[in-house]
Amino acid sequence: MGGPSEHSPLGIFDSGVGGLTVLQALRHRLPHESFLYLGDTARLPYGTKSAGTVTRYALNASRHLVDKGVKLLVVACNTASAFALDEVAAAVDVPVIGVVEPGVEAALVTSANRLGVIGTEGTVRSGAYQRAIADRAPSIDVRATACPLFVPLAEEGWGDHEVTDTVARHYLEDILAWGAQALILGCTHYPLLTPSLSRVVGPDVRLVDSASAVAEAVISRHRDLLKADDGGKVTIQLTDASERFRRITKAILGEEFEELEVVDL
Ligand code: DGL
68 MGGPSEHSPL
78 GIFDSGVGGL
88 TVLQALRHRL
98 PHESFLYLGD
108 TARLPYGTKS
118 AGTVTRYALN
128 ASRHLVDKGV
138 KLLVVACNTA
148 SAFALDEVAA
158 AVDVPVIGVV
168 EPGVEAALVT
178 SANRLGVIGT
188 EGTVRSGAYQ
198 RAIADRAPSI
208 DVRATACPLF
218 VPLAEEGWGD
228 HEVTDTVARH
238 YLEDILAWGA
248 QALILGCTHY
258 PLLTPSLSRV
268 VGPDVRLVDS
278 ASAVAEAVIS
288 RHRDLLKADD
298 GGKVTIQLTD
308 ASERFRRITK
318 AILGEEFEEL
328 EVVDL
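Once you know that position 97 of the sequence shown is 164 in this note's numbering, the rest is easy, because the numbers rise by one and skip nothing.
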């Protein structure tokens, strides 16, 4: 068997189904590409685990996708991108794109001088966003805060809900009082909370969703790998396909996805 060709699928990996927000953005921009999505739902959440464990899981999942013949790998999970992007890139022989850098690039376009970052405990603790911002724009002030209850709220489908408004007000109180002008949604699930988050931050704070920025990064950096007119097939693999994940998958994709494959890593 030869290596991947331009007709091979793009691989997307996340700890669960939240990364389907990134798949949606990629499908929207690249409708002729095929995609193989892997959600490591059996080992979710990554956001509360140590760097070593997240790195081990991320390597495992990435090698699985590369073994399946993907031509490029998107690490859609912010926690895995924050802790393990370099290790993943060194371990596989296809191009690897994480979500941190594109998210930061998108945030810089807003011209905010005070930038808030929200993510899982792991992502915030890793300092990956803070470093990426300091590298590109050292004059920008950054504050990062973990919002651990946001993932279950998003999975509950409570993206536009008074309970989420209350939780968000609590988590974001300090960052808003500090004067954040833009807020990077540094977690796959957070775009699903946009209605509540927009209400809480108000019209003057820009919410930066890295999903579309990732799609732009794939296109601008790897145009040569993208084929002109073919494919469009989407395969979703999960390490656990409980009723819950099926329901959330449907909510994110807006369609019933019968062909969920269960894989053991
Ligand atoms: N996918 C994770 C992230 O973007 C959120 C869910 C988890 O904690 O595994 O950080």
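Just so you know, even glycine gets a beta-carbon here, dropped at the ideal spot from N, CA and C.
Short check: CB of VAL166 to CB of SER277, under 8 Å? Between VAL166 and SER277, the CB-CB gap stays under 8 Å.
Can ASP307 be considered in contact with the ligand DGL, in the sense that its beta carbon sits closer than 7 Å to one or more heavy atoms? Checking every heavy atom of the ligand DGL against the Cβ of ASP307, none is found closer than 7 Å.
Please classify TYR196: does DSSP put it in a helix, a strand, or coil? Under the three-state reduction of DSSP, TYR196 is assigned to helix.
Check whether the region 87-96 and the region 306-322 touch, using three or more Cβ-Cβ pairs below 8 Å as the test. Yes, they touch.
Restricting to runs no shorter than 3 residues, where is the beta strand (DSSP E) found entirely within the region 215-289? As far as the region 215-289 is concerned, its whole beta strand (DSSP E) runs of at least 3 residues are 249-253 and 273-276.
My output table needs one value for MET68: the three-state DSSP class, helix, strand or coil. Interpretation of MET68 is limited by its pLDDT of 49, a score under 50 that renders its predicted location unreliable; no figure is taken from the coordinates.
How many angstroms separate the CA atom of ARG94 from the CA atom of LYS294? Rounded to whole angstroms, ARG94 to LYS294 spans 13 Å at the Cα level.
Checking 8 Å against the spacing of the C-beta atoms, do THR177 and ARG273 come in under that value? It is a contact, given that the beta carbons lie within the stated cut-off.
Nearest-angstrom Cβ-Cβ length linking ALA143 and ILE79, presumed shorter than 8 Å: Separation of the CB atoms of ALA143 and ILE79 is rounded to 5 Å, and the pair is thereby assigned contact status at 8 Å.
Quick one: using the 10 Å Cβ neighbour count with 16 as the cut-off for buried, is SER279 buried or exposed? It is buried - the Cβ of SER279 has at least 16 other Cβ atoms within 10 Å.
Residues near GLY136 in its chain [Cβ-Cβ closer than 6 Å; skip 5 each side]: Counting only residues of its own chain and dropping the five nearest sequence neighbours on each side, GLY136 has a CB closer than 6 Å to the CB of PRO71 and SER75.
At a threshold of 7 Å, does VAL218 count as lining the ligand DGL (C-beta to nearest heavy atom)? Between the ligand DGL and VAL218, a heavy atom-to-CB distance of less than 7 Å is present.
Using a Cβ-based criterion (distance less than 7 Å to any ligand heavy atom), does GLY194 qualify as near the ligand DGL? Checking every heavy atom of the ligand DGL against the Cβ of GLY194, none is found closer than 7 Å.
Alpha carbon to alpha carbon, what distance is there between VAL281 and PRO169? CA-to-CA, the gap between PRO169 and VAL281 works out to about 5 Å.
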